[in-house]
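See below for the structure under consideration.
In my numbering, the protein residues as written are 16 to 267.
Have a look at this one:
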């Protein structure tokens with residue numbers, strides 16, 4: 016029953032998160048108009064958008080791995096780009112709704128994170144691992160975001176200024192941090208202790224996608240370059256491949 020409660024609790028959490036962002040988006044549109052105006056050109060707005068979309072890259076790669084159909088992958092990723100955490104929340108809720116009662120009672124987060132079994136229940140053929148590619152990608156993205164943060168701070172000053180809190184920036188920050196909720200749930204699932212989980216979540220809140228990229232890259236370095244990249248999604252103790260035969264395929 017405890018595991019079923021986890022599935023129900025997370026499904027409820029992300030339903031609330033999605034509705035909160037939808038309300039924020041509608042309120043901002045009604046009170047401030049369309050987001051395509053000069054505020055987008057301001058330095059800290061630009062830095063915030065880069066921060067936001069680097070996290071979207073991480074979520075998009077997971078979605079691409081999860082979806083067996085190329086068209087559905089593209090559709091979800093496009094929605095992620097345009098609707099942010101509304102799409103993140105909707106996608107996660109859909110994945111929880113797909114779980115059987117047995118999957119919900121065993122380990123719902125594992126089944127949501129990993130690709131659904133093949134219909135014929137056969138073990139997928141091992142393809143060339145993408146671990147090295149992903150290590151390089153997230154290392155570069157982390158450095159890009161760090162450089163963006165430092166450059167914006169040096170050229171435009173501190174971000175903690177009242178005049179920067181325009182409706183568009185506030186809505187973008189809400190969107191950003193609601194995506195962080197999804198990443199934080201994954202971190203809590205991954206970490207073996209509450210202390211380390213809280214430590215990483217604080218870093219996620221303070222440093223955004225820099226932490227996301229560093230954490231993912233660090234996790235990728237915990238597995239072999241020859242391992243399937245999807246192993247990075249699960250807890251260290253659950254990485255024995257015999258637990259995933261018929262559960263998951265290779266990451267894209």
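Backbone N, C-alpha and C define an ideal beta-carbon position, used for all residues, glycine too.
Please read all numbers here as calculations on a predicted model, not as lab measurements.
Just mark residue i as buried or exposed, buried being the case when its beta carbon has 16 or more other beta carbons within 10 Å.
| i | result |
| --- | --- |
| residue 20 | exposed |
| residue 227 | buried |
| residue 26 | buried |
| residue 157 | buried |
| residue 220 | exposed |
| residue 176 | exposed |
| residue 172 | exposed |
| residue 23 | exposed |
| residue 91 | buried |
| residue 29 | buried |
| residue 73 | buried |
| residue 85 | exposed |
Quick check on residue i: does DSSP put it in helix, strand or coil?
| i | result |
| --- | --- |
| residue 223 | coil |
| residue 40 | helix |
| residue 61 | helix |
| residue 113 | coil |
| residue 180 | coil |
| residue 75 | helix |
Need the endpoints of the alpha helix (DSSP H) that residue i sits in, please.
| i | result |
| --- | --- |
| residue 162 | 146 to 171 |
| residue 125 | 123 to 128 |
| residue 240 | From DSSP, residue 240 is part of no alpha helix (DSSP H); its letter is neither H nor E. |
| residue 268 | Lying outside 16 to 267, the shown extent of the chain, residue 268 is not represented and no answer is given. |
Express the C-alpha separation of residue j and residue i in angstroms, rounding to a whole number.
| i | j | result |
| --- | --- | --- |
| residue 104 | residue 47 | 24 Å |
| residue 123 | residue 81 | 15 Å |
| residue 199 | residue 216 | 6 Å |
Answer yes or no: the CB of residue i versus the heavy atoms of the ligand HEM, is any distance below 7 Å?
| i | result |
| --- | --- |
| residue 241 | This structure simply doesn't include the ligand HEM, nor any ligand for that matter. |
Out of the options, which has the shortest C-alpha to C-alpha gap to residue i?
| i | options | result |
| --- | --- | --- |
| residue 164 | 39, 35 and 69 | 69 |
| residue 204 | 248, 214, 238 and 174 | 248 |
| residue 126 | 33, 64 and 201 | 201 |
| residue 63 | 38, 223, 149 and 169 | 223 |
Does chain C have any CB closer than 8 Å to the CB of residue i?
| i | result |
| --- | --- |
| residue 68 | Of the chains in the structure shown, none is chain C; there is only one protein chain. |
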